[in-house]
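Here the structure is laid out as structure tokens; the discussion comes afterwards.
2 protein chains.
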Amino acid sequence: MMEAMSSDLIPRLWGKPPAGRRGPKPALSAAQIVEAAYFIADEQGLAAVSMARVAEAVGCSPMALYRHVKNKDELLILLADRLSAELPEPSRDLGWREGLAAWMRAQVDLALSKPWFLDLPLGASLPGPNRLAWLDLGFHYLREVALPADEKLAILGIISQYGLGEARIEVEAARLAENPYASFEQMLVTYADPERFPNLMASMATWQPAESGEVSDSDDPSAFGQRLLMAGIEAHIERHLERDAAE
Amino acid sequence: MMEAMSSDLIPRLWGKPPAGRRGPKPALSAAQIVEAAYFIADEQGLAAVSMARVAEAVGCSPMALYRHVKNKDELLILLADRLSAELPEPSRDLGWREGLAAWMRAQVDLALSKPWFLDLPLGASLPGPNRLAWLDLGFHYLREVALPADEKLAILGIISQYGLGEARIEVEAARLAENPYASFEQMLVTYADPERFPNLMASMATWQPAESGEVSDSDDPSAFGQRLLMAGIEAHIERHLERDAAE
DNA sequence: CATTAACTGTTTATAGAATACGCAGAACGA
DNA sequence: TCGTTCTGCGTATTCTATAAACAGTTAATG
Numbered sequence: 603m604m605e606a607m608s609s610d611l612i613p614r615l616w617g618k619p620p621a622g623r624r625g626p627k628p629a630l631s632a633a634q635i636v637e638a639a640y641f642i643a644d645e646q647g648l649a650a651v652s653m654a655r656v657a658e659a660v661g662c663s664p665m666a667l668y669r670h671v672k673n674k675d676e677l678l679i680l681l682a683d684r685l686s687a688e689l690p691e692p693s694r695d696l697g698w699r700e701g702l703a704a705w706m707r708a709q710v711d712l713a714l715s716k717p718w719f720l721d722l723p724l725g726a727s728l729p730g731p732n733r734l735a736w737l738d739l740g741f742h743y744l745r746e747v748a749l750p751a752d753e754k755l756a757i758l759g760i761i762s763q764y765g766l767g768e769a770r771i772e773v774e775a776a777r778l779a780e781n782p783y784a785s786f787e788q789m790l791v792t793y794a795d796p797e798r799f800p801n802l803m804a805s806m807a808t809w810q811p812a813e814s815g816e817v818s819d820s821d822d823p824s825a826f827g828q829r830l831l832m833a834g835i836e837a838h839i840e841r842h843l844e845r846d847a848a849e
Numbered sequence: 603m604m605e606a607m608s609s610d611l612i613p614r615l616w617g618k619p620p621a622g623r624r625g626p627k628p629a630l631s632a633a634q635i636v637e638a639a640y641f642i643a644d645e646q647g648l649a650a651v652s653m654a655r656v657a658e659a660v661g662c663s664p665m666a667l668y669r670h671v672k673n674k675d676e677l678l679i680l681l682a683d684r685l686s687a688e689l690p691e692p693s694r695d696l697g698w699r700e701g702l703a704a705w706m707r708a709q710v711d712l713a714l715s716k717p718w719f720l721d722l723p724l725g726a727s728l729p730g731p732n733r734l735a736w737l738d739l740g741f742h743y744l745r746e747v748a749l750p751a752d753e754k755l756a757i758l759g760i761i762s763q764y765g766l767g768e769a770r771i772e773v774e775a776a777r778l779a780e781n782p783y784a785s786f787e788q789m790l791v792t793y794a795d796p797e798r799f800p801n802l803m804a805s806m807a808t809w810q811p812a813e814s815g816e817v818s819d820s821d822d823p824s825a826f827g828q829r830l831l832m833a834g835i836e837a838h839i840e841r842h843l844e845r846d847a848a849e
């Protein structure tokens with residue numbers, strides 16, 4: 603399950619030539635294999651990515667894959683970076699606020715269009731070139747912000763994690779919406795006990811369904827959280843500037 | 603892969619009596635099965651939870667499980683709620699700031715002590731009773747905050763998702779730290795190209811490792827993000843109050 | 001050039017996974 | 001008492017990942 607690492611993972615992530623000399627020229631490559639896995643996942647979901655199916659798609663025997671990839675876990679790590687190449691890149695001509703918002707939103711959009719993005723082991727290994735490029739774009743939007751590098755990195759991590767969480771919510775909401783048995787309201791009225799969940803029930807009692815036509819965030823559920831995060835970041839920057847000025 | 607739902611999932615989540623009349627009295631129960639799965643996961647990891655092993659632990663044949671649980675996916679959903687019962691409950695006598703911080707931190711702590719928490723399908727289904735109780739506690743901390751219920755729910759969702767993200771980072775950092783091949787710095791110097799990642803490299807060039815003895819967040823990596831979120835929430839609340847006062 | 005070592009893809013084989021299907025007995029309603 | 005319904009089980013199927021040994025290919029080495 604774990605231990606998907608080998609000393610060759612990193613070279614493979616970066617597409618290093620195998621540097622091997624002797625022996626027959628490889629007819630396959632890791633990139634080819636990952637590409638095949640990518641299409642299978644895209645069309646039939648991540649669960650459909652089995653070594654046998656990938657081998658069939660690439661036109662070789664299942665065991666041939668193991669010459670180019672340590673095991674399935676490693677294949678999934680490579681696949682994760684491959685998918686990260688698909689992150690839509692927003693315009694670079696944006697201030698840090700709009701830039702970071704778009705940066706975050708791009709991740710959500712990718713997850714919505716390819717839900718298996720969220721099932722991938724994104725953090726199980728070091729970031730590959732594609733994910734690093736993504737990170738670089740984040741630093742680009744922060745280039746004129748006066749914060750130390752480690753805080754910038756932390757901020758990008760927070761935004762990214764928040765975006766992934768938001769994407770999970772949206773993807774799962776879409777899944778549940780397809781399911782007639784899974785109605786949150788129905789469940790609440792059937793089982794939720796005011797004695798057991800007093801605060802929850804009290805709050806829900808004041809729930810007001812959004813009036814139609816009202817200007818709201820309903821077209822982008824992440825907008826609310828986005829504003830919250832941006833406000834926090836802004837406050838942090840100001841605090842930092844004051845501290846600098848005081849010295 | 604999906605379709606883990608049946609019309610019986612929700613009753614099972616809530617421990618509904620089967621209400622069946624005829625036939626032999628069940629020697630097993632879903633709760634028993636979930637408990638067995640819980641101990642296996644706790645001792646040997648989530649990957650060790652197979653129907654066969656759970657059956658062995660519970661003392662029945664593998665196929666007997668299917669009388670009480672639709673399939674493995676459903677077992678995992680039940681297991682997820684079971685594990686949520688283990689969330690440490692912080693003191694209720696806290697203001698919203700400290701309360702929410704502790705609320706979030708509890709999730710991180712659970713994930714750190716039981717890393718398989720993060721591998722579970724937490725959102726793949728409706729929240730069960732234990733997760734609802736957790737949500738209720740969140741509303742408790744917000745009870746004196748003047749915000750509409752939907753915004754409170756959104757805030758709790760954001761904090762919770764952020765906490766999960768933070769937990770993922772910490773757990774994975776711990777995993778990677780065990781791995782000699784996975785050095786971020788090593789990878790950067792070996793492969794990262796200033797032409798390819800200009801902003802990233804420029805920022806990293808100014809990196810200052812924290813001076814030892816300095817007061818920092820290093821004992822709690824989530825503190826930085828926590829402050830960011832709290833600042834954003836506070837700003838939002840103030841804005842909301844002003845809006846109310848203006849009417 | 002001949003040999004050898006390293007590397008390729010393949011074949012075969014194994015162990016473990018989830019779960020469909022049908023049976024035997026138990027408990028209750030009629 | 002009879003039959004319906006429900007439980008738990010045994011058997012069998014299909015799919016996994018991957019270990020091990022093998023045969024052919026190439027390049028470095030003698």
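Chain order of the listed sequences is R and Z.
So the first sequence is numbered by my numbering: it starts at 603 and just counts up by one.
So the second sequence is numbered by my numbering: it starts at 603 and just counts up by one.
The C-beta atom is built at its ideal place from N, Cα and C for all residues, glycine as well.
Closer than 7 Å to the CB of R:Phe741 there is at least one CB belonging to chain Z. At a cut-off of 7 Å between C-beta atoms, R:Ser805 counts as an interface residue with respect to chain Z.
By the 16-neighbour rule on beta-carbons within 10 angstroms, Z:Ser727 is buried.
Taking 7 Å as the cut-off, the Cβ atoms of R:Ala769 and R:Val710 count as close.
In this structure, Z:Ile642 keeps its C-beta atom at 7 Å or more from the C-beta atom of Z:Ala649. Close to R:Glu774, with beta-carbon spacing below 8 Å, are these residues of chain Z in chain order: Gly725, Ala726. Contact residues of the region 674 to 701 of chain R toward chain Z are absent (C-beta to C-beta distance below 9 Å). Per DSSP, R:Leu722 lies in no alpha helix (DSSP H) and is assigned neither H nor E.
For R:Ala769, no Cβ of chain Z is located within less than 7 Å of the residue's own Cβ. Shown here, R:His670 sits in coil according to DSSP, grouped into three states, outside any helix or strand. For Z:Lys674, the CB contacts under 7 Å within the same chain, skipping 5 residues up- and downstream, are Met653 in chain order. Apart from the 5 residues on each side of it in sequence, R:Ala639 sits with its Cβ closer than 7 Å to the Cβ of Val651, Val656, Leu677, Leu681 in its chain, given in chain order. Chain Z has a Cβ within less than 7 Å of the Cβ of R:Arg745.
DSSP, read as helix, strand or coil, puts R:Val651 in coil. Taking 7 Å as the cut-off, the beta carbon of Z:Ala751 is found no closer than this to the beta carbon of R:Ser824. Close to chain Z, meaning a Cβ-Cβ distance shorter than 7 Å, are the following residues of the region 640 to 658 of chain R: Gly647, Ala649.
Counting the other Cβ atoms within 10 Å of the Cβ of Z:Arg798 gives fewer than 16, which makes it exposed. For R:Val791, the number of other beta carbons within 10 angstroms of its own is below 16, and it is reported as exposed. If you draw a straight line from the Cα of R:Asn732 to the Cα of Z:Leu615, it comes to about 41 Å. The beta carbon of R:Ile761 sits closer than 8 Å to the beta carbons of Leu702, Trp705, Met706, Gly740, Leu831 from its chain, once the five residues preceding and following it are set aside; these are given in chain order. In the DSSP assignment, Z:Val636 falls within the unbroken alpha helix (DSSP H) covering 632 to 646. For a Cβ distance threshold of 8 Å, residue set Leu734 of chain Z lies close to R:Ala794, ordered along the chain.
Within a 10 Å sphere around the beta-carbon of Z:Arg684 sit 16 or more other beta-carbons, which makes this residue buried. Distance between R:Pro690 and R:Ala708, taken at the CA atoms: about 6 Å. Judged by DSSP in its simplified three-state form, Z:Glu772 adopts helix.
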